[in-house]
Each structure stands twice: as structure tokens, then as C-alpha cells.
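Taking the working numbering, the leading residue of the sequence shown gets 1, the next gets one more, and so forth.
The C-beta atom is built at its ideal place from N, Cα and C for all residues, glycine as well.
Step one of this worksheet: look at the structure below.
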Amino acid sequence: MSQTLSPSLARCYGMARVARVWKLSRASVYRSLKETLPNTIARRPGPVGACSDVELAEHIRLAFAPAPAGCDG
Numbered sequence: 001m002s003q004t005l006s007p008s009l010a011r012c013y014g015m016a017r018v019a020r021v022w023k024l025s026r027a028s029v030y031r032s033l034k035e036t037l038p039n040t041i042a043r044r045p046g047p048v049g050a051c052s053d054v055e056l057a058e059h060i061r062l063a064f065a066p067a068p069a070g071c072d073g
């Protein structure tokens, strides 16, 4: 935050000044900087699987679907 230029005056402001003007603690200011932007897509952590979540749900439904009548399964 202290390294970022203000858009209106192109000046650098320290974290203490920003927190004081916004009437927030510095921790709250830092937390707001770490939050994801609303236009980003939330993804679960970890590696990508062999298929999407929707496809996986369909595979699970098919695996637990009752067998058709007349099958000796």
C-alpha cells in the first residue's frame, strides 16, 4: 500500500496514514488487500482432476443408479 501511488495526486502514502484516514487498523487494511476480487472465479485448492465437477457428479449418479429391470447384477 505504501508503494502504490494514489490515482488522484500520484503520491505515495504510508500504511499508518491510510489506516488513520480510513479509521481502520492496519491489519484490516492488509486483510482487505489480500481478499479476492469479486470478479475472480473461486476454485478449490489442489490439482485439477480428470473431469469437471459436473461430469464427476454425473459419473457418481450413474454408478449409484439402480440397475435396469431384468439385469442379473
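**Prompt:** Taking the alpha-carbon positions, what's the A82 to A10 distance?
**Reply:** This structure leaves residue 82 out entirely; the chain is present only between 1 and 73.
**Item:** G46 versus L56: straight-line alpha-carbon distance, rounded
**Value:** It is roughly 16 Å from the alpha-carbon of G46 to the alpha-carbon of L56.
**Asked** Roughly how many angstroms lie between the CA atoms of H59 and E35, to the nearest whole one?
**Response** In a straight line, the C-alpha of H59 is about 34 Å away from that of E35.
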